[in-house]
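Chains U and Y, in that order, give the protein sequences.
The letter at position 284 of the first sequence is residue 284 when you use my numbering, and the numbering goes up by one with no holes.
The letter at position 124 of the second sequence is residue 1124 when you use my numbering, and the numbering goes up by one with no holes.
From the three backbone atoms N, C-alpha and C, an ideal C-beta is built for every residue, glycine too.
Since the structure comes first, as structure tokens, the remarks are kept for the end.
There are 2 protein chains.
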Amino acid sequence: MIKKIQINDARFPLGKGAGSDAIHRDPIYSYAVTNLIDDSGHIGTGFAFTLGEGNDLVCKAAAFYAKQLKGRDIEELMANFGAVFNQFANEQQFRWLGPHKGVVHLALASVTNACYDLWAKKRGVPLWKLLTDLTPQEIVNTLDLSYLEDELTTEQALHLLQNNQPGKSDRFQIIEKGYPGYDTSIGWFNYSDEKVRENCRKAVAEGFTAMKLKVGSADPERDIRRAHIVREEAGDDIKVMLDANQQWTLPQALKICKDLQSMNPYWIEEPTHPDDILAHATLAKAIAPTKLALGEHVPNRIIFKNYLQTGSAGFIQVDAVRVGGISEFITVSLLCRKFNIPVVPHVGDMGQLHQHLVLFNHIAMGHEALFLEHIPHLQQHFVHPVKIEGGVYKTPVEPGSSCDLKSLN
Amino acid sequence: MIKKIQINDARFPLGKGAGSDAIHRDPIYSYAVTNLIDDSGHIGTGFAFTLGEGNDLVCKAAAFYAKQLKGRDIEELMANFGAVFNQFANEQQFRWLGPHKGVVHLALASVTNACYDLWAKKRGVPLWKLLTDLTPQEIVNTLDLSYLEDELTTEQALHLLQNNQPGKSDRFQIIEKGYPGYDTSIGWFNYSDEKVRENCRKAVAEGFTAMKLKVGSADPERDIRRAHIVREEAGDDIKVMLDANQQWTLPQALKICKDLQSMNPYWIEEPTHPDDILAHATLAKAIAPTKLALGEHVPNRIIFKNYLQTGSAGFIQVDAVRVGGISEFITVSLLCRKFNIPVVPHVGDMGQLHQHLVLFNHIAMGHEALFLEHIPHLQQHFVHPVKIEGGVYKTPVEPGSSCDLKSLN
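Below, the structure is given as structure tokens:
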């Protein structure tokens, strides 16, 4: 039984230049943390990610949801978590502040993720193990599929999972091999050309076969120059992704994306405003076969559905610490599987949680095991930091979702 | 010069049943209020609307923006408010909490609206007068048109306003005549059939020529029965609008909207989730010529642009206390004018502010003077409550935007 709730505002200033992109010159990676303390002594930890200012607002909103969990048994809660999620997401007065987006939805992510963490810890297994052991029906019971009825009914979700049962045991091999990673830290926005070049070499030497550069400069020439530097250092066999962090207008994006095709990007990420579904659809059509990646700032399953329906996204970057937590992440992953679009999460959690979720997506849904973003910034703050060897995530073995923070333990 | 900032969390419990809809059984109409106190003694008041719980979060976020206005001169600020809005909306760490939606965007509305109110008070004129006296260039300077470049450039916005200058003096007649209202209070969700019937008669007797019923019940028969009660009492000449408050799935909406066509609704409002642009487009096509009204929960100009581009909306209900305040309301109204779609605001402000804005939309942009929602709930709390006579809003004459609250004066 959950007997105590703790909410913590955890902020971690970064080193100079690290984490910078075309919007965020000076981010403070922060977590709005929910701890659910069970009478068995287990502590379920979940969080949402923010960039500093306003992390306290998410904490306050998380407290509103979390207090309603006091006295609940975690197994009983998770047996029908879809209904709990739906109730929280539609709390009649709070809903106005979204609905299903912004501060309140980030808060829901924090609380939802704490529930899953507690669930896995009480069962004494890593989250990936808990999730991959669930039956299709048990998985569907954790999901809120409302407003997806035109694309994914409860029955269709169930069938999708059942149809992917056969290959499951083969796909379990990924547990031994580990999930491939890609390096986001070669080219933060404020890094000099020289530093980008040096980081590329280092990433290649470490075994990464994919890496990402921040673009979206006011000076398109800078973007193009730096993109070619990365291609030069990486060679033709390595996947290079470009991330514009929403800096372009649609007319600008149409032009510069075509210019950038000369260095053969694997994807172009967040070219323009994350709410502009039609602009992404127009752009995707114009620059095919180059693909767009998006989702870092998309708050819920309904908007993802629209992105998938318009064929705008070549890759979906849903983030379980941005949408309403693990439950909605799985919902969006099911939608993507239906549309046959790969899920490559943005990792506001620095990969701690998502290393579990991509294993689940691969094993239970048959999603391709493409690669998972790797950002090393907060390693020293986690009790069980991710382990990357030869550019590959080593499968975590500790019970829970790997989200425990040292400062809160 | 702005020398002091006050933020107030103002909550007003309503009478039994009032304000209820298919989602909100027990709302507490609340305002996150920003007061900007000028060294001339003027107090600029603006607010965002919420339904109670979480109003404090909006207040906290408003304080973050408002403190940055200390020491600024209001005329200097408003001469280039578009740039100020853009800067606030993209505050690098805070932006993550939206972007441009949820708690932070509601907070921006509160602060923005306080700026406009102070501006009008210092000039000693009602807001509608200030706005209609601005030149097209001065209006455009107050707007942030970023991410609209594919539909409305700065130059196009300017031309649109200039092209509507000729008929302006004729349209000023609305000031004398007053702007028509429609009655939202006949059919709140929790009212009995008898109360709905009685309220209809009262509204007709008071001179209203348009009124709205809440639908979206779990029991479609209830909706259909009540809709026909209203039509019966109102007769064929009165416009009757139906508001589902997002309660239907797309498959449900496709069915029930067709059933409801038998009572000839003037519009059907918020049939499904406010983020589901494509569902609205599908539905709009299926039930034409019956039109959809939407926008009460749409947070920003970019999503409105997508709704307009897909032809989903017959009426746009942008609310200046939900989007980023008056500035973004005007931006959305310009977009609507371009697409030739009427603006019929949702009035989270109880019409206090919007009575000014619809006059401006009509006079400066040539929008049809259709009608403005009227909700009488908070009349006793405003210093200058709206005046409705014979179903028509009397044009306000006091300086400012009519948003002063008694409790804070």
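- Chain Y places no beta carbon closer than 7 Å to that of GLN6 (chain U), leaving this residue out of the contacts.
- Inter-residue distance for ASP1275 (chain Y) and TYR1307 (chain Y) is about 10 Å (C-alpha atoms, whole angstroms).
- Using beta-carbon distances, TYR1147 (chain Y) counts as an interface residue toward chain U, with a partner under 7 Å.
- Within the segment 1014-1039 of chain Y, the residues whose Cβ lies closer than 9 Å to any Cβ of chain U are, in chain order, ILE1023, HIS1024, ARG1025, ASP1026, PRO1027, ILE1028, SER1030.
- Within 10 angstroms of the beta-carbon of SER1040 (chain Y) lie fewer than 16 other beta-carbons, which makes it exposed.
- At a cut-off of 7 Å between C-beta atoms, ASN86 (chain U) does not count as an interface residue with respect to chain Y.
- Contact between VAL104 (chain U) and GLY1102 (chain Y) holds: their C-beta atoms lie close to 7 Å from each other, under 8 Å.
- Pairing ILE186 (chain U) with PRO265 (chain U), the inter-Cα distance amounts to about 15 Å.
- As summarised for the segment 240-315 of chain U, the continuous alpha helix (DSSP H) elements at least 4 residues long and confined to that stretch are 250-260, 277-287, 301-309, given in chain order.
- By the Cβ neighbour-count rule, THR282 (chain U) is buried, with 16 or more other Cβ atoms within 10 Å of its own.
- Residue burial is scored here from C-beta neighbours: LYS1212 (chain Y) has at least 16 other C-beta atoms within 10 angstroms and is therefore classed as buried.
- Rounded to whole angstroms, GLU1176 (chain Y) and HIS1356 (chain Y) show a C-alpha spacing of 13 Å.
- Approximately 3 Å separates the beta-carbon atoms of ALA22 (chain U) and GLY216 (chain U); this is inside 8 Å, confirming the contact.
- Taking a C-beta cut-off of 8 Å against chain U, the contacting residues of the segment 1275-1286 of chain Y are ASP1275, ASP1276, ILE1277, LEU1278, ALA1279, THR1282, listed in chain order.
- Beta-bridge partners of MET1078 (chain Y) (DSSP): none assigned.
- Among the residues of the segment 1054-1067 of chain Y, those with a Cβ less than 8 Å away from any Cβ of chain U are GLY1054, ASP1056, LEU1057, VAL1058, LYS1060, ALA1061, PHE1064, in the order of the chain.
- The distance from the Cβ of LEU1148 (chain Y) to that of LEU1335 (chain Y) is about 7 Å, consistent with a contact at the 8 Å cut-off.
- Per the Cβ contact rule, the segment 1338-1350 of chain Y is not in contact with the segment 1135-1149 of chain Y (fewer than 3 Cβ pairs under 8 Å).
- Listed in chain order, the non-local C-beta contacts of ASP1404 (chain Y) below 6 Å within the same chain comprise THR1045, VAL1383, local neighbours out to five positions each way being set aside.
- A direct Cα-Cα distance of roughly 37 Å separates GLU232 (chain U) from LYS305 (chain U).
- Between the segment 153-171 of chain U and the segment 361-379 of chain U, the count of C-beta pairs closer than 8 Å reaches three or more; the two stretches touch.
- Secondary structure note for GLU155 (chain U): its alpha helix (DSSP H) is the uninterrupted segment 154-163.
- Its chain contains VAL1321 as the residues whose beta carbon lies nearer than 6 Å to that of ASP1349 (chain Y), once the 5 sequence neighbours on both sides are disregarded; these appear in chain order.
- Less than 7 Å divides the Cβ of ASP183 (chain U) from the Cβ of HIS374 (chain U).
- Within chain U, no C-beta atom comes nearer than 8 Å to that of TRP1128 (chain Y); the closest sits roughly 27 Å away.
- Its chain contains TRP1188, PHE1189, ASN1190 as the residues whose beta carbon lies nearer than 6 Å to that of SER1020 (chain Y), once the 5 sequence neighbours on both sides are disregarded; these appear in chain order.
- By DSSP's assignment, MET1350 (chain Y) forms no beta bridge with any residue.
- Contact annotation: in the segment 239-257 of chain U, residues whose CB is within less than 7 Å of a CB in chain Y are THR249, LEU250, PRO251.
- When C-beta distances to chain Y are compared with 9 Å, the residues of the segment 101-118 of chain U below that value are LYS101, GLY102, VAL103, VAL104, HIS105, LEU106, in chain order.
- In the DSSP annotation of this structure, the continuous segment of the beta strand (DSSP E) that includes SER30 (chain U) starts and ends at 28-38.
- Here the C-alpha atom of LEU1057 (chain Y) lies approximately 19 Å from the C-alpha atom of GLN68 (chain U).
- Annotated three-state conformation of ARG1226 (chain Y) is helix, per DSSP.
- The beta carbon of THR50 (chain U) sits closer than 7 Å to some beta carbon of chain Y.
- By the neighbour-count definition (other C-beta atoms within 10 Å, threshold 16), PRO99 (chain U) is a buried residue.
- For ASN1190 (chain Y), no Cβ of chain U is located within less than 7 Å of the residue's own Cβ.
- The segment 125-141 of chain U and the segment 1077-1090 of chain Y do not touch, with fewer than 3 CB-CB distances between them shorter than 8 Å.
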